[in-house]
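In my numbering, the protein residues as written are 522 to 638.
Shown next, in structure tokens, is the structure this report addresses.
Here you go:
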């Protein structure tokens, strides 16, 4: 049966006078930490990337996302999209483009004033 030391600083004094005990405890603690710790670097390397992948634009020849946009550029972009939609639906491309351009131009003429070139 062990008895509890009466001095509250007993272990502090014991460690101060026994450096080999402190070294052994540090070694045991390091071994225990190494055995139970995770290698996060390899975990992160094996995870799939969460970076947003850059998407290829649908119509590369059209400038999109510029700070200043003009109606003709927007109309040209809409016409390219209308052409792609007509091809997907199997419609006559030239008829679909003319109909869309007529609708868009007529609406624009009614609601705004056109400056002729």
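A virtual CB, placed ideally from N, CA and C, is assigned to each residue, including glycine.
**Prompt:** Taking the C-alpha atoms as reference points, what is the distance between residue 542 and residue 570?
**Reply:** 46 Å
**Item:** C-alpha gap between residue 558 and residue 544, whole angstroms
**Value:** 21 Å
**Request:** Could you check what DSSP says for residue 574 in three-state terms: helix, strand or coil?
**Result:** coil
**Prompt:** Straight-line CA distance for residue 613 to residue 607?
**Reply:** 7 Å
**Prompt:** For residue 622, which option in 550, 599, 611 and 564 has the closest C-alpha, if you only look at C-alpha atoms?
**Reply:** 599
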